[in-house]
Amino acid sequence: MKFSHPAADIYLPDTSVTPAAALARTTHLCVAAHQDDIEIMAYHGIAECFGQTDKWFSGVVVTNGAGSPRSGIYGKYTDEQMQTVRFQEQRKAALVGEYSIQLQLAHPSSAVKDRGNTAVHSDLLAIFTAANAEVVYLHQPADKHDTHIGVLAHSLAALRQLPAERRPKRVLGCEVWRDLDWMIDSDKQVLDAGRFPNLAMALVGVFDSQITGGKRYDLATAGRRVAHATYHTSHATDQYQGISWAMDLTPLVHNPELSLAEYALGYVDRLKQDIAARLAKFA
Ligand SMILES: [Zn+2]
């Protein structure tokens, strides 16, 4: 298995299989921009596969983690040293979460934001083809981080190139930099993120270099999931201990004519109609 960037990293928590076999047995696959995004956005998939023999989670981080903030014990690290730390942290998460394989493609952010970049595209197409996953977790289109949207756009373009019978059954746009609580309830894909709460904390907690500067992603991620579960319905008791919302992106993969922007803005239109209809009742 070879990827376009020489610094690309292939990590197998379970060394009894080859990288190709680890990818081929993948049922749940997440493609994210940065180290730690997977553990924030796709915990549902990790938990779904944890301790199972017939379900395997795999993670792909597309960028190299360059330019990340550093403080505390990392304060004097060069950008290269910091990239190494971030690669190591992602490997730790893959080990804790018992992923089938962890791929870090090491592309600079600029390549990801370039829609025509063929290196990013060919890596992702090769991964989607080899993994043939049932469920794919991507960034959601209302995210406010350009690199996340870049990874989403490249992923969607690659998925659309797969022959119809090899496309995933379910493709989900997941929360990182902007949650999806604003979507109307009937648009929400409910992902149970409340199982194994200790595992969930550990998975985000290993990214010490990101948390140490005071950004408590571990607490914030857990808090967001609990808040979603509690505020899901006003009358029912909480069915889940934690929820992640997702946007269903499957129609975009199966219909290449569908515009990502138009599709995403359809969710915003439905929110607008929902607010207008409720206020109209009291006008
Ligand atoms: Zn990110």
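Residues in the sequence shown are numbered from 1375 upward in steps of one, following our numbering. Glycine included, every Cβ here is placed at the ideal spot set by N, Cα and C.
query                                                                                                       : result
beta-carbon ASP1553 near ligand 1 non-hydrogen atom, thresh 7 Å                                             : no
HIS1513 (DSSP reduced to helix, strand or coil)                                                             : strand
Distance cut-off 7 Å: HIS1481 Cβ against heavy atoms of ligand 1                                            : no
Distance cut-off 7 Å: ASP1561 Cβ against heavy atoms of ligand 1                                            : no
Contact set for LYS1487: own chain, Cβ-Cβ below 8 Å, skip 5 residues either direction                       : ASP1520, THR1521 and GLY1524
Given ARG1644 as reference, the closest of ASP1559, ALA1398, ARG1540 and SER1445 once Cα atoms are compared : ASP1559
8 Å Cβ cutoff met for GLY1490 and HIS1513                                                                   : no
Whether ARG1541 touches LEU1530 by CB criterion (8 Å)                                                       : no
Residues near ARG1598 by beta carbon distance below 7 Å, same chain, minus five either side                 : ASP1553
C-beta contact flag for ALA1480 and HIS1408 at 8 Å                                                          : no
Endpoints, alpha helix (DSSP H) assigned at VAL1470                                                         : 1453 to 1470
beta-carbon HIS1528 near ligand 1 non-hydrogen atom, thresh 7 Å                                             : no
Closer than 6 Å: residues whose CB approaches a heavy atom of ligand 1                                      : ALA1407, HIS1408, ASP1411, HIS1519, HIS1522 and VAL1550
Residue range of the unbroken alpha helix (DSSP H) whose run includes THR1492                               : 1492 to 1505
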